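Down below is the structure, laid out as structure tokens.
In this note's numbering, the protein residues as written are 85 to 271.
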């Protein structure tokens with residue numbers, strides 16, 4: 085949950101936080117812009133706590149970790165008065181607090197969020213994998229009114245800015261599926 089060290093929680097913060105708390109998520113609160121004059125990180129922390137309490141957060145959710153920093157200056161730390169030279173503290177907190185995604189096995193599911201095209205491979209479906217087989221994906225199912233099976237070519241997993249070829253994929257990863265045809269005009 086990203087909160088400005090001067091402005092505190094905004095109306096949209098309340099909405100998003102309420103939805104997250106309702107599904108049982110425990111946030112990591114990031115108080116940003118602590119390098120600005122007149123910032124008030126301790127008061128903002130209290131405002132976030134009060135907001136979570138008002139939204140009926142559980143005791144575990146109220147015991148949230150807090151990270152202070154300046155995204156503009158590229159640092160995050162446990163104490164806002166002790167700036168660092170990197171964002172390692174935030175990344176370590178994410179790995180420590182956020183559980184790894186559950187691997188759901190079964191019929192492969194890919195939520196296609198956009199389509200692209202390559203002169204070399206043809207239509208490219210880009211999306212997030214929700215369920216996978218342990219073996220390499222060979223088919224994908226496009227669900228419209230009824231399931232339609234399609235043969236696809238090359239799978240590429242998105243890591244960083246560039247996709248790379250993969251021999252298997254895990255759930256919750258983003259994937260480029262090359263050579264997918266017949267998706268236009270369905271539905």
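Beta carbons: idealized from backbone N, C-alpha and C, even for Gly. In this text the structure is predicted, and so the values were computed from the model without any measurement.
query, result
"Taking 8 Å as the threshold (C-beta atoms), are residue 89 and residue 125 in contact?", "yes"
"With burial defined as no fewer than 16 other Cβ atoms inside 10 Å of the residue's Cβ, what is the status of residue 153: buried or exposed?", "buried"
"Touch check for the region 95-112 and the region 121-137: three-plus C-beta pairs under 8 Å?", "yes"
"From residue 194 to residue 211, what does the alpha carbon distance come to, in whole angstroms?", "6 Å"
"Identify whether residue 142 lies in helix, strand or coil by the three-state DSSP scheme.", "coil"
"Nearest to residue 141 by alpha carbon, out of 96, 109, 203, 189?", "109"
"What does the alpha-carbon distance come out to for the pair residue 257 and residue 122?", "41 Å"
"Using only alpha-carbon positions, find the residue among 127, 168, 149 that is nearest to residue 156.", "168"
"Classify residue 208 as helix, strand or coil using the three-state DSSP reduction.", "strand"
"To the nearest whole angstrom, what separates the beta carbons of residue 39 and residue 215, a pair I think is in contact under 8 Å?", "Look at the range of the chain in this structure, 85 to 271, and you will see that residue 39 is not part of it."
"Do you know how far the Cα of residue 189 is from the Cα of residue 162?", "38 Å"
"Can residue 118 and residue 151 be called in contact, C-beta distance under 8 Å?", "no"
"Is the shortest distance between the beta-carbon of residue 116 and the beta-carbons of chain B less than 8 Å?", "Judged by its chain identifiers, the structure shown contains no chain B, having just a single protein chain."
"By the DSSP assignment, the beta strand (DSSP E) with residue 197 in it spans what residues?", "193-202"
"In the structure shown, what three-state DSSP assignment does residue 189 receive?", "strand"
"Which term fits residue 116, buried or exposed, when burial requires 16 or more other beta carbons within 10 angstroms of its beta carbon?", "buried"
"Compute the distance between the beta-carbons of residue 148 and residue 112, then report whether it is under 8 Å.", "yes"
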